[in-house]
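Written out below as structure tokens is the structure these notes cover.
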Amino acid sequence: MAELIILKLGGSVITKKGEGKAEVNKEVLERLAAEISEARKEKEFPLMIVHGAGPFGHVPAKEYGLHEGLKDERQIEGFSITHHSMEKLNFLVVEALRKAGLNAMEFQPSSIGILRNEELVHFPTEALEGILNIGLIPVAYGDVLVDEKKGISILSGDHLVPYLAKKLNASRVIIVTDVAGIFDSNPKENKDAKLIPEINSGNIDSLNIGSSTSTDVTGGMQRKVRELMRLEIESEIISALEPGLVKKALLGERNLGTVIT
Ligand code: IP8
């Protein structure tokens, strides 16, 4: 789909992940919604949004061991609780986008997707393409899915984004996080950490890309970068915390964070 941009809003950005609370970060979410809305007023382009889970998904998923596959009856309750919690977050994200004047709509991955050993193997996109073609903004998210081998597994938004980017032939992927891009060491712990402007197959193995150490059940930065790199689509990791960057990126500016080629 020509011109399609897939925008991933990290769980750390839209929720109070740092405080471990299943609450949205209203201030950041509303600003991002306004930036997306301003960009869409200046330029028409098909847009799909995928958001992460933060404590809404990772806390119950961990509590019920959902990433370990289906082992006991109690996990069915965990599936229901985790999915329901993600639905609440998805509703709040769509609500913020709608308040900013965007025709966004909730899009539920677990009702159509199937994993096999944590890999997405089935995700029909005909409806999604129709939704995008008429100008709506579908908003999907990391979710709990049926897994052909493990019974159940977690679908990370970071796995869904490259899958959809490839299948829908997106022109660009923009990943919005709570740091300015990928650094040579953890910028939250080391003030001398240097931003890596570009990651490609030539330098990835020599880089020390940290992985998320918090409650995430879906793997951190390493997996994110490697999956993006396998795509032959330009992608960039940028910060949500610097006002204006998301709007600039949506309007086509490059080199705002770390470009992955
Ligand atoms: O935050 C995880 O999605 P992510 C989804 O995009 C759940 O990795 C349910 C934990």
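Read in order, the letters of the sequence shown correspond to residues 119 to 379 in my numbering. Note that the Cβ used here is the ideal one computed from N, Cα and C, for glycine as well.
Alpha-carbon spacing of residue i relative to residue j, whole angstroms
i: G260; j: P227; result: 8 Å
i: K134; j: G170; result: 12 Å
i: L150; j: K206; result: 19 Å
i: P280; j: L363; result: 21 Å
i: N287; j: I154; result: 21 Å
i: F209; j: V257; result: 9 Å
i: I380; j: S324; result: Given a span of 119 to 379 for the chain in the structure shown, any question on residue 380 remains unanswerable.
i: N373; j: L188; result: 42 Å
i: F301; j: L313; result: 4 Å
i: G231; j: L238; result: 7 Å
i: L147; j: E141; result: 11 Å
i: S319; j: L349; result: 12 Å
i: L254; j: S198; result: 28 Å
Nearest-angstrom Cβ-Cβ length linking residue i and residue j, presumed shorter than 8 Å
i: S203; j: G175; result: 6 Å
i: V262; j: H201; result: 5 Å
i: K126; j: G275; result: 6 Å
DSSP state of residue i mapped onto helix, strand, coil
i: F174; result: helix
i: T379; result: coil
i: F197; result: helix
i: S330; result: Per-residue confidence for S330 stands at a pLDDT of 45, beneath the threshold of 50, marking its modelled position as unreliable; no derived number is given.
i: V291; result: strand
i: V297; result: coil
i: D323; result: helix
Closer than 7 Å: residue i CB and nearest the ligand IP8 heavy atom
i: D296; result: no
i: H202; result: no
i: H176; result: yes
i: I272; result: yes
i: V262; result: yes
i: A358; result: no
i: D190; result: no
i: A258; result: no
i: A179; result: yes
i: G196; result: no
Unbroken beta strand (DSSP E) run spanning residue i, endpoints
i: A258; result: I255 to Y259
i: I123; result: I123 to L127
i: E224; result: A222 to E224
Element boundaries [alpha helix (DSSP H), containing residue i]
i: A152; result: K144 to E160
i: N275; result: Strictly speaking, residue 275 in this sequence is Gly, with Asn absent from that position. Segment G275 to K285, the alpha helix (DSSP H) holding G275.
i: R344; result: M339 to R348
i: K365; result: L363 to L368
Heavy atom of the ligand MG within 7 Å of residue i beta-carbon
i: G136; result: The model depicted lacks the ligand MG and carries the ligand IP8 instead.
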